[in-house]
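Sequence lines, in order, name chains A and B. First residue of the first sequence: 111, per our numbering; consecutive thereafter. First residue of the second sequence: 111, per our numbering; consecutive thereafter. We treat Cβ as the ideally placed atom computed from N, Cα and C, and that holds for glycine. What you are looking at is a predicted structure, and each value in this text was computed from that prediction instead of being measured. Encoded as structure tokens, the structure appears first; notes follow it.
There are 2 protein chains.
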Amino acid sequence: MSLRHAVLGLLASHPATGYELTQKFDSSLSHAWHASHSQIYPELGRLAESGFVEVVGEGARGSRTFAITDGGRAELSRWMVEVEPTRTVRNETAVRWFLLFLLPPEEQRVVLERELAHTAAEEAMLRELDTVIVEGGGSPFHPTVTLGLRTLPVMRAWLQEQLDALDG
Amino acid sequence: MSLRHAVLGLLASHPATGYELTQKFDSSLSHAWHASHSQIYPELGRLAESGFVEVVGEGARGSRTFAITDGGRAELSRWMVEVEPTRTVRNETAVRWFLLFLLPPEEQRVVLERELAHTAAEEAMLRELDTVIVEGGGSPFHPTVTLGLRTLPVMRAWLQEQLDALDG
DNA sequence: GATCGACATGTCAACTTCGACATGTCGAAG
DNA sequence: CTTCGACATGTCGAAGTTGACATGTCGATC
């Protein structure tokens, strides 16, 4: 279960409310792991019970800000360094790209154009995020943005090539 | 649920037994979707009930070979072209890379070296698969292998840079 | 003819995830 | 003063996934 350590990791970077964590799962972490608020709130409760996070403040509308504890930091390190990674992946887009060439050419074209547009949009979003981070003085997550900005053009070029091959 | 369409897609490429499909999920499809035999056999049953696949032969040890039907092919096309893709991803390795820079440098180094070794091994495996496919006269899945052979070196270079940055 | 590893299928309880429902607050704009 | 959208948390049944248990066959090697 990576959810537990993903939440712990986000809190290791900065204290946050469940709501803010949900937003981070929707934005920065969305390319690695998906989770909705209905998973995040119970998980925060379990992490608190384990002593890995604690409530450090209460704000408007009943919001509670959680922070990682020393025990939580130790657990995060232990998991990152000592626990053998689970290499299983679940990525519907990758399944679709994999199966694409079983379709008739005209259907391939429709899918390729949709994927090309989506990839270009992702790239634009990442470029914007990159600017925000650089101008904001950096972030421990910046290297991952750099990686995305290198892999997305490779994917976009590949999609374009496949599209060109349909015509050629 | 992509499992259904991943199984359907594999059968669209070639008839297969549940056992063979399990092997394909462990090898070629492993970078896109993970599933074990305990999911695949019941799914084959459900696909047969829906009329998307059918048993086309029985072999040794009670094995049954399934093939896609015309209805199955239509369903695969419908899903690929008309159903809006779910863009959610679940990738523990990506979570680990994302959280890496929250760790102390010495722990980063350990993780980076492990990931570098794993990425190099993946690359070697894909190169071998590429050779097998090219010598075997091609495959509808070959373009995806090409994509992997382009993205993996980008990732490997990135990992190496992060490692170099720890020393420099 | 015994053993062993790959082939082959199946079930099931525990756990994780999804999507809908539910409830309420706060600030801004009309 | 009402309305509306963002903020904020929570539960729960249904669906999907995992990992262990279970069972048996076939071919090759000793």
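C-beta atoms of residue i and residue j nearer than 8 Å
i, j, result
"Val199(A)", "Arg260(B)", "no"
"Leu154(B)", "Phe135(B)", "no"
"Ser187(A)", "Glu216(B)", "no"
"Val205(A)", "Trp143(B)", "yes"
"Ile150(B)", "Thr132(B)", "yes"
"His115(B)", "Trp189(B)", "yes"
"Ala234(A)", "Arg266(A)", "no"
"Gly167(A)", "Gly181(A)", "no"
Candidates the options, of which the one nearest residue i by Cα
i, options, result
"Leu276(B)", "Arg219(B), Leu257(B) and Pro253(B)", "Arg219(B)"
"Val191(A)", "Gly172(B), Gly181(B), Asn201(B) and Arg224(B)", "Arg224(B)"
"Pro125(A)", "Val165(A), Trp143(A), Ser148(A) and Arg156(A)", "Val165(A)"
"Gly169(A)", "Val255(A), Tyr129(A), His147(A) and Glu159(A)", "Tyr129(A)"
"Pro214(B)", "Ala116(A), Ser123(A) and Arg114(A)", "Ser123(A)"
"His228(A)", "Met235(B), Val242(B), Val163(B) and Arg197(B)", "Arg197(B)"
"Leu236(A)", "Gly182(A), Gly172(A) and Leu257(A)", "Leu257(A)"
"Ser226(B)", "Asp274(B), Gly181(B) and Glu194(B)", "Before going further, note that residue 226(B) is Leu rather than Ser in the sequence given. For the residues Asp274(B), Gly181(B) and Glu194(B), the minimum Cα distance to Leu226(B) belongs to Asp274(B)."
"Ser140(A)", "Leu209(A), Glu185(A), Leu120(A) and Pro152(A)", "Leu120(A)"
"Leu157(B)", "Pro195(B), Leu210(B), Glu185(B) and Val242(B)", "Glu185(B)"
"Leu210(B)", "Arg183(A), Val242(A) and Gly172(A)", "Arg183(A)"
Within-8 Å CB hit, residue i to chain A
i, result
"Glu168(B)", "no"
"Val220(B)", "yes"
"Gln149(B)", "no"
"His86(B)", "Nothing about residue 86(B) can be read from this structure; chain B reaches only from 111 to 278."
"Arg266(B)", "no"
"Arg174(B)", "no"
"Phe135(B)", "no"
"Pro152(B)", "no"
"Thr254(B)", "yes"
Whole-angstrom C-beta distance between residue j and residue i, which should lie under 8 Å
i, j, result
"Ser112(A)", "Glu202(B)", "5 Å"
"Pro250(B)", "Leu212(A)", "5 Å"
"Pro253(A)", "Gln270(B)", "Actually they do not touch by this definition, with Cβ atoms about 12 Å apart."
"Asp240(A)", "Val255(A)", "5 Å"
"Val163(A)", "Ile178(A)", "6 Å"
Minimum Cβ-Cβ distance from residue i to chain B less than 8 Å
i, result
"Pro215(A)", "no"
"Phe208(A)", "yes"
"Ala116(A)", "yes"
"Val163(A)", "no"
"Thr229(A)", "no"
"Thr196(A)", "yes"
"Glu238(A)", "no"
"Met190(A)", "yes"
"Ala204(A)", "yes"
"Gln272(A)", "yes"
"Ala142(A)", "yes"
"Gly119(A)", "yes"
"Val242(A)", "no"
"Thr261(A)", "yes"
"Leu257(A)", "yes"
"Arg200(A)", "yes"
"Leu131(A)", "no"
"Ser295(A)", "With chain A running from 111 to 278 in the structure shown, residue 295(A) is simply not present."
"Ser187(A)", "yes"
"Leu139(A)", "yes"
"Leu226(A)", "no"
"Leu157(A)", "no"
"Leu276(A)", "no"
heavy atom of the ligand SAH below 7 Å from residue i C-beta
i, result
"Asp240(B)", "You won't find the ligand SAH in this model; it holds no ligand whatsoever."
Buried or exposed by the 16-neighbour rule on C-beta atoms within 10 Å, applied to residue i
i, result
"Val244(A)", "exposed"
"Glu159(B)", "exposed"
"Gly247(B)", "exposed"
"Glu238(B)", "exposed"
"Ala296(A)", "Summary: the structure shown does not reach residue 296(A), with chain A confined to residues 111 through 278, and so no result is reported for it."
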